[in-house]
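Asks: Residue numbering for the sequence shown follows our numbering, starting at 251 and increasing by one per position.
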Amino acid sequence: MERVIELLTRDGIIDQRKIDLFISKYGQERVNIENLIKVKIINTLEMDEALIKELRIHSIEMNDLEGIEGIDTTRILKQIAKNLDIRYVEINDIDIDYKLLKRLPLKQLMRYNALPLYTEESTVVVAFENPSDFEAKGAVERFFHGKIMEVCIAKAQMIRQELLKIKTSEDVEEFSQDIKHDLTEGTIEISEESNDSPAVLKLIETVLSTAIDAKASDIHIEATEDNCIVRYRVDGMLQEYFILEKIIFGPLASRMKLLSNLDIAEKRKPQDGRFTQIVKGHVFDFRVSTLPTMFGESIVLRILDKSKALVKLEEAGMNAKAYKQFTKGIKSPYGIMLVTGPTGSGKTTTLYGALNAIIDVRDKIITVEDPVEYQMGGIQQVQVSAKTGLTFAAALRSILRQDPDKIMIGEIRDQETLRIAIEAALTGHLVLSTLHTNDSISAISRMQDMGIEDYLLAGAVIGIQGQRLVRKICDTCKEVENVPLDSLVSISKYLPKDAVFYHGKGCAICNNKGYSGREMISEVLLISEELSTMIATGATKDQMREQAFKEGFTTMLEDGINKALAGKTSVEEILRVAR
251 MERVIELLTR
261 DGIIDQRKID
271 LFISKYGQER
281 VNIENLIKVK
291 IINTLEMDEA
301 LIKELRIHSI
311 EMNDLEGIEG
321 IDTTRILKQI
331 AKNLDIRYVE
341 INDIDIDYKL
351 LKRLPLKQLM
361 RYNALPLYTE
371 ESTVVVAFEN
381 PSDFEAKGAV
391 ERFFHGKIME
401 VCIAKAQMIR
411 QELLKIKTSE
421 DVEEFSQDIK
431 HDLTEGTIEI
441 SEESNDSPAV
451 LKLIETVLST
461 AIDAKASDIH
471 IEATEDNCIV
481 RYRVDGMLQE
491 YFILEKIIFG
501 PLASRMKLLS
511 NLDIAEKRKP
521 QDGRFTQIVK
531 GHVFDFRVST
541 LPTMFGESIV
551 LRILDKSKAL
561 VKLEEAGMNA
571 KAYKQFTKGI
581 KSPYGIMLVT
591 GPTGSGKTTT
601 LYGALNAIID
611 VRDKIITVED
621 PVEYQMGGIQ
631 QVQVSAKTGL
641 TFAAALRSIL
651 RQDPDKIMIG
661 EIRDQETLRI
671 AIEAALTGHL
681 VLSTLHTNDS
691 ISAISRMQDM
701 GIEDYLLAGA
711 VIGIQGQRLV
721 RKICDTCKEV
731 ENVPLDSLVS
741 ISKYLPKDAV
751 FYHGKGCAIC
761 NNKGYSGREM
771 ISEVLLISEE
781 LSTMIATGAT
791 KDQMREQAFK
801 EGFTTMLEDG
811 INKALAGKTS
821 VEEILRVAR
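#1: Would you list the one or two residues that DSSP bridges to ILE615?
#2: Are ASP468 and ILE553 close, meaning C-beta to C-beta below 8 Å?
#3: Which value, in whole angstroms, describes the spacing of the CA atoms of ARG260 and ARG267?
#4: Hey, how far is the Cα of PHE384 from the Cα of HIS308?
#5: State the CB to CB distance for the pair ARG325 and ASP298, rounded to an integer number of angstroms; the pair is presumed to be in contact (CB under 8 Å).
#6: Which residues in the same chain as GLU661 place their Cβ atom closer than 6 Å to its Cβ, once the five residues preceding and following it in sequence are excluded?
#7: Does DSSP classify LYS728 as helix, strand or coil?
#8: So, using beta-carbon positions, are ILE586 and ILE672 closer together than 8 Å?
#9: Suppose the cutoff is 6 Å on Cβ atoms and the five residues either side in sequence are ignored; what does the same chain contact list for GLY320 look like?
#10: The beta strand (DSSP E) spanning VAL480 covers which residue range?
#11: Would you kindly check if the distance between the Cβ of LYS747 and the Cβ of CYS727 is under 8 Å?
#12: So, helix, strand or coil for ASP298, using DSSP?
#13: Helix, strand or coil for PRO746, going by three-state DSSP, please let me know.
#14: Could you give the distance in angstroms between the alpha-carbon of LYS614 and the alpha-carbon of ALA645?
#15: Measure from the alpha carbon of ALA521 to the alpha carbon of each residue in PHE534, ALA749 and SER539, then state which is nearest.
#16: Apart from the five residues just before and just after ASN445, which ones in its own chain have a Cβ nearer than 6 Å to its Cβ?
#17: Considering just the uninterrupted stretch of the beta strand (DSSP E) at PRO366, what are its terminal residues?
#18: If I measure Cβ to Cβ from GLU442 and keep anything under 6 Å in the same chain, skipping five residues before and after, which residues do I get?
#19: Answer yes or no: do VAL374 and GLN575 have a C-beta to C-beta separation smaller than 8 Å?
#20: Can you grab the Cα-Cα spacing for the pair LYS861 / LEU508, in whole Å?
#21: Label LYS303 either buried or exposed according to how many other C-beta atoms from any shown protein chain fall within 10 Å of its C-beta, with 16 as the threshold for buried.
#22: Is it right to say ASP270 is buried, meaning 16 or more other beta carbons lie within 10 angstroms of its own, or is it exposed?
#23: Taking 8 Å as the limit between beta carbons, can you name the residues of its chain near CYS402, skipping five residues before and five after?
#24: So, helix, strand or coil for ILE514, using DSSP?
#25: I need the boundaries of the alpha helix (DSSP H) containing LEU433, first residue and last residue.
#26: Using 8 Å as the Cβ pair cut-off and three pairs as the minimum, do the stretch 708-717 and the stretch 676-695 touch?
#27: Between LYS328 and the rest of its own chain, which residues show a CB-CB distance below 6 Å, the 5 nearest in sequence each way excluded?
#28: Is DSSP giving ASN445 helix, strand or coil here?
#29: Rounded to the nearest angstrom, what separates GLU311 and LYS722 at their Cα positions?
#30: Once you ignore the five residues that flank GLU400 on each side, which residues in its own chain have a CB closer than 6 Å to its CB?
#31: Does the count of Cβ pairs from the stretch 449-469 and the stretch 730-741 closer than 8 Å reach three?
#32: Compute the Euclidean distance between the alpha carbons of LYS581 and ILE759, then round it to the nearest angstrom.
#33: Please name the residue, chosen from ASP432, PRO448 and PRO355, that lies closest to LEU192 on a Cα-to-Cα basis.
#34: Just to confirm my understanding: we take SER778, look at its own chain, exclude 5 residues before and 5 after, and list those with CB closer than 7 Å. What are they?
#35: Between the stretch 412-428 and the stretch 350-365, can you find at least three pairs of beta-carbon atoms closer than 8 Å?
#36: GLY716 to LYS597, Cα distance in whole Å?
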């Protein structure tokens with residue numbers, strides 16, 4: 251964005267004096283295209299013309315403009331199309347003729363980022379990233395043997411996405427055929443001594459890299475009665491990506507076990523392992539779990555991106571109020587700060603963000619996890635092990651003799667662990683941990699149900715964050731949504747007049763789901779003197795909730811509705827997750 255602002259200033263679209271005035275009034279951090287348009291420092295028509303000129307001379311590329319709030323790349327492409335007297339096409343609105351694509355050399359199409367869409371009598375419609383590239387047009391036109399080629403322009407990212415899907419599908423088919431051939435010829439012999447199965451390794455590499463590209467959190471490889479199915483969990487939802495022949499599952503499962511140092515001969519018991527692999531130049535850890543099923547095994551790989559451990563707390567997705575309250579809680583000298591929510595709600599990521607925020611060379615920080623998901627420098631991390639008897643409770647007892655200042659417990663699962671954590675909090679340690687409850691106020695009742703005395707809870711707990719992850723609307727296909735009034739009845743008290751909501755209609759970028767990525771919605775309950783007294787005297791959950799609202803407590807539902815009003819997610823998603 252800084253580069254774009256610099257070019258617009260150089261071209262005279264932005265007046266530097268006005269920018270200086272804006273900074274003096276609002277601060278440097280508020281300088282972005284969207285805000286400059288709002289205060290009329292930038293005229294959108296002049297900006298589009300300047301950007302089209304810069305695109306033509308390649309001082310910037312269209313990819314540089316994607317995702318910048320205030321810049322409508324669709325509007326720019328439509329203007330380019332008008333200037334060139336050609337059509338702009340939305341690829342997700344077109345029924346692509348994939349049979350036509352199979353007759354053409356994919357490498358050439360990928361080289362020029364060109365996508366043949368369909369034929370219409372004697373005309374072939376082809377979408378180009380750059381319709382002014384005469385070399386690309388000439389090279390692609392030669393494939394059609396005398397047919398007339400109609401040149402269109404489309405989003406480069408959409409063209410690339412469709413071509414990558416076709417390439418991946420072709421690669422998987424090719425590797426599967428090679429594996430099948432090797433099996434029938436008897437040349438595959440997967441054992442702990444043998445590593446000679448290139449097609450299996452290539453197939454695994456393709457499955458892993460495709461999952462990373464799809465931003466999946468988990469890979470599911472399952473044997474069914476007739477097939478081997480590969481599914482990815484993307485933004486919390488499972489999506490089917492590949493259906494392979496059943497014969498492929500054996501070699502694939504064995505190689506996965508070898509990578510994870512598991513027993514390839516053991517198919518009757520569950521096993522757990524992990525391996526590290528470089529995918530697309532980045533280091534990923536894959537946590538592997540196998541489970542015997544009726545038709546073979548189910549293999550699930552959890553993808554752990556080491557870079558995510560370095561997430562900054564302010565970038566985790568909390569609203570400003572929740573961030574301020576949570577930061578206040580974790581900077582307390584002692585006490586227990588809890589993060590609550592269901593499985594897969596990002597609790598561990600929030601804890602790592604909290605550790606990053608409070609890490610200090612003067613403090614000894616120890617974590618107890620099952621397993622250690624991300625390795626961090628400057629702290630001591632302990633992995634619990636049922637085989638050796640190193641449970642959460644046993645590890646915590648030993649940790650307290652290690653003179654720690656701050657302790658992070660991956661999850662509080664039982665009364666013993668909770669009791670030791672509270673004792674640690676009451677003896678001058680800051681304890682961060684997670685608990686499975688529906689919301690922040692329910693965490694108090696949950697700990698009481700686990701057998702902890704009210705007076706201990708009142709003295710130890712300093713704050714509780716409840717959180718969920720909601721899917722974000724895909725920026726590429728985002729549009730205004732007409733939400734039925736009956737869907738808004740339950741949340742009407744939170745809505746302003748003339749509220750506008752958005753949704754994604756589905757496109758190649760988001761795999762036609764309408765969503766891409768996830769955003770946190772949260773609520774933070776800091777335990778005030780009044781709430782502490784209420785806990786100690788056994789007040790009911792409703793009484794505590796009423797007091798929290800008096801103190802300005804904001805629920806997850808309200809936070810979610812605010813994010814829907816801001817266009818980050820849809821009303822449907824908020825009601826699904828936080829109702």
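We treat Cβ as the ideally placed atom computed from N, Cα and C, and that holds for glycine. Note that the coordinates shown come from a computational prediction; the quantities given were computed from them, not determined experimentally.
Replies: Here's the rundown:
#1: LYS656
#2: yes
#3: 13 Å
#4: 16 Å
#5: 6 Å
#6: THR684
#7: strand
#8: yes
#9: ILE283, GLU284 and ILE287
#10: 477-484
#11: no
#12: helix
#13: coil
#14: 16 Å
#15: Looking at the sequence itself, residue 521 is Gln, so the reference to Ala does not match. That would be SER539, whose Cα lies nearest to the Cα of GLN521.
#16: Per-residue confidence for ASN445 stands at a pLDDT of 46, beneath the threshold of 50, marking its modelled position as unreliable; no derived number is given.
#17: 364-370
#18: Bear in mind that a pLDDT of 41 at GLU442, under 50, signals an unreliable position, so the model cannot answer this.
#19: no
#20: The structure shown has nothing for residue 861, since the chain only spans 251 to 829.
#21: exposed
#22: exposed
#23: ALA331, ILE336, ARG337, TYR338, VAL339, LEU367, VAL375, VAL376, ALA377, PHE378 and PRO381
#24: coil
#25: 406-435
#26: yes
#27: TYR338
#28: The pLDDT assigned to ASN445 is 46, lower than 50, so where the model puts this residue is not dependable; a value taken from the coordinates is nonetheless given after this. The answer is coil: DSSP assigns ASN445 none of H, G, I, E or B.
#29: 25 Å
#30: THR373 and VAL375
#31: no
#32: 40 Å
#33: It is not possible to answer for residue 192, since the shown part of the chain is limited to 251 through 829.
#34: GLU801
#35: yes
#36: 9 Å
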